[in-house]
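Enquirer: Below you will find the structure I want to go over with you.
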């Protein structure tokens, strides 16, 4: 700005010079002006306008450079405030924002929607099967405790009845405001943690009993360290449990300060891993020596091998008169509160993809909203009526749609969004962003793609060839 001011002073001196020359000419010629003088005066005006335009551009350029430098300084000194999640955007809308340049990019955006919807449909189906299998087991156990009939045919009827009742409960909740159920969800979460605690305690108790009777070497010999036939179940469950990268914005945005989010996530995932490891270890050591493929539904009856739903191993438990075993059997059924949430999420994603405007919270029973809800809710319950094999649902959905949503989709959007924001070469390249991963480099991107490709080959081989 100082340089621009100097230019102004010079221009004023120049104006004075032109002015004095004009006065001399006027004194010599009087009131009459020749054609040559008129042309000279017009050329002087054009030169003056050109100089003014040049000075204006110089001032504007200097101002823009100063503002840009100030912005960079603010971003560098206030990274915690500048780089934080202010808006949660799901994978599908992210694809719409950054994948719209050409036909190939739009195809990728639609593919992301397909993968997300496939995964959410599969998640809902696995959830419905798990909830109703546990509910029917609870009904059968209570019936047995009351002296009623326990048979395979009766259990099947219990299961079908539970599926129908669960559907009738979930459908109206899909039109309700689930934010009002936060306290109820907190109670469910506490009960589930209590159930996990007893899973580990009871499993440890039975492990100690077995070790005292059979010895360490005999127990260790029955623990399967690797079984290729069960690889798909383990892999599918791992994707469902830990492949939740697309949920990171929802996990991080409520946290303050957000720069502590990586540490919080490491601790949370570490605790989950320890709990899962303890549950799996105590399950293998406690029930690994059992010969029966199914557990008795009567209190004090025979135990069995580890079931596809581990809570069903506790059906014969006679602690606290059988009520503790019943509580553990009912533990997965507590996830019934998550079915409407999963359905609402899937409905919103499907509606966004199809371009259907969301219904007003005050008037949720519009024709489009009801039809979308039925389209989302009926297929998972239909799958639940066809099969009770929850692992079959998990291994197919988790191994393809789940793996793609967890690994490939976030990576593609990450690369495209950083390219759009010029974060690889621009001014923000060297800014230490608080939420930036330590693995945020192209060589690690290639590693993720290689892992994704190898996983697809392995799961396809295990599912269709082996």
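In the working numbering, the protein residues as written are 11 to 476.
Virtual Cβ for every residue (Gly too), placed ideally from N, Cα, C.
Every value quoted in this text rests on a predicted model; they were computed, and no experiment measured them.
Would you mind stating whether residue 415 and residue 137 have Cβ atoms separated by less than 9 Å?
Expert: no
Enquirer: Where does the unbroken alpha helix (DSSP H) through residue 393 begin, and where does it stop?
Expert: That run of the alpha helix (DSSP H) goes 377 to 396.
Enquirer: Since residue 476 contacts residue 238 with CB under 8 Å, what's their CB separation in whole angstroms?
Expert: 7 Å
Enquirer: According to DSSP, what are the bridge partners of residue 307?
Expert: Its beta-bridge partners do not exist; DSSP assigns none.
Enquirer: In or out: residue 9 buried (at least 16 other Cβ within 10 Å) or exposed?
Expert: The structure shown does not extend to residue 9, since the chain spans only 11 to 476, so no value can be given for it.
Enquirer: For the alpha helix (DSSP H) holding residue 471, just list the boundary residues, first then last.
Expert: 452 to 474
Enquirer: Using the rule of at least 16 other Cβ atoms within 10 Å of the residue's Cβ for burial, across every protein chain shown, is residue 250 buried or exposed?
Expert: buried
Enquirer: Taking the alpha helix (DSSP H) that residue 282 belongs to, which residues open and close that run?
Expert: 271 to 297
Enquirer: Secondary structure at residue 8, three-state DSSP: helix, strand or coil?
Expert: Look at the range of the chain in this structure, 11 to 476, and you will see that residue 8 is not part of it.
Enquirer: State yes or no: is the C-beta of residue 296 within less than 9 Å of the C-beta of residue 225?
Expert: no
Enquirer: Assign residue 430 to one of two classes, buried (16 or more other C-beta atoms within 10 Å of its C-beta) or exposed (fewer than that).
Expert: Exposed, because fewer than 16 other Cβ atoms sit within 10 Å of the Cβ of residue 430.
Enquirer: If you run the structure through DSSP and keep just helix, strand and coil, what is residue 248?
Expert: Three-state DSSP puts residue 248 in a helix.
Enquirer: Short check: CB of residue 353 to CB of residue 386, under 9 Å?
Expert: yes
Enquirer: Spatial neighbours of residue 34 within its chain, please: C-beta separation below 8 Å, excluding the five flanking residues on both sides.
Expert: Residue placement at residue 34 is poorly supported in this model, since its pLDDT is 45, which falls under 50; the coordinates are not used for a value here.
Enquirer: Between the region 279 to 291 and the region 196 to 214, are three or more C-beta pairs nearer than 8 Å?
Expert: yes
Enquirer: Look up residue 190 in the DSSP assignment and say whether it is helix, strand or coil.
Expert: Helix, per DSSP.
Enquirer: If you draw a straight line from the alpha carbon of residue 417 to that of residue 126, how long is it in whole angstroms?
Expert: 12 Å
Enquirer: Residue 477 by DSSP, collapsed to three states: which one?
Expert: The chain is shown only over 11 to 476; residue 477 falls outside these bounds and no answer can be derived.
Enquirer: Closest by CA to residue 445, which one among 158, 263, 179, 193?
Expert: 263
Enquirer: With distances taken Cα to Cα, identify the nearest neighbour of residue 410 among 463, 448, 187.
Expert: 463
Enquirer: According to DSSP, is residue 98 helix, strand or coil?
Expert: coil
Enquirer: Kindly give me the distance between the Cβ atoms of residue 455 and residue 421, rounded to whole angstroms, as I take these residues to be in contact under 8 Å.
Expert: 6 Å
Enquirer: Does the separation of the CB atoms of residue 107 and residue 427 fall below 9 Å?
Expert: yes
Enquirer: Can you find the residues in the same chain that come closer than 7 Å, C-beta to C-beta, to residue 15, ignoring five residues on each side of it along the sequence?
Expert: Per-residue confidence for residue 15 stands at a pLDDT of 39, beneath the threshold of 50, marking its modelled position as unreliable; no derived number is given.
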